[in-house]
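Remarks on the structure that follows.
In the working numbering, the protein residues as written are 9 to 109.
Shown next as structure tokens:
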């Protein structure tokens, strides 16, 4: 893993995935998936799996706690992003991405 410059706090590092879109196979902008879309899809998948567990899929039962953790983390990320946006602190943090390259 790449070493981070001292002046970047640990909290800023957690924002990096927000700034870097997750790319599909092609690098064209039309095929890029935003971080928010990824969170939404993850929540959708987690809800689907939890629904299957409730309807009796015993094979998935062992993953219940992991699904809860994933969903909880997603919710916390979304909530923190909303707070940052409301407070005007999500200031195009591209400098972090630049600093790490």
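Ideal Cβ placement from N, Cα and C applies to all residues, glycine included.
Asked: Endpoints, the alpha helix (DSSP H) within which residue 58 is located; Found: 43-62
Asked: Through-space distance from residue 91 to residue 58, alpha-carbon basis; Found: 28 angstroms
Asked: Simplified DSSP state of residue 68, which is helix, strand or coil; Found: coil
Asked: Residue environment, residue 54, which counts as buried when at least 16 other CB atoms sit within 10 Å; Found: buried
Asked: Spatially closest choice to residue 56 from 81, 71 and 86, by CA coordinates; Found: 71
Asked: Three-state class that DSSP yields for residue 31 in the structure shown; Found: At residue 31, the pLDDT of 42 sits below 50, so the modelled position is not reliable; the number obtained from the coordinates is stated separately. Reduced to three states, the DSSP call for residue 31 is strand.
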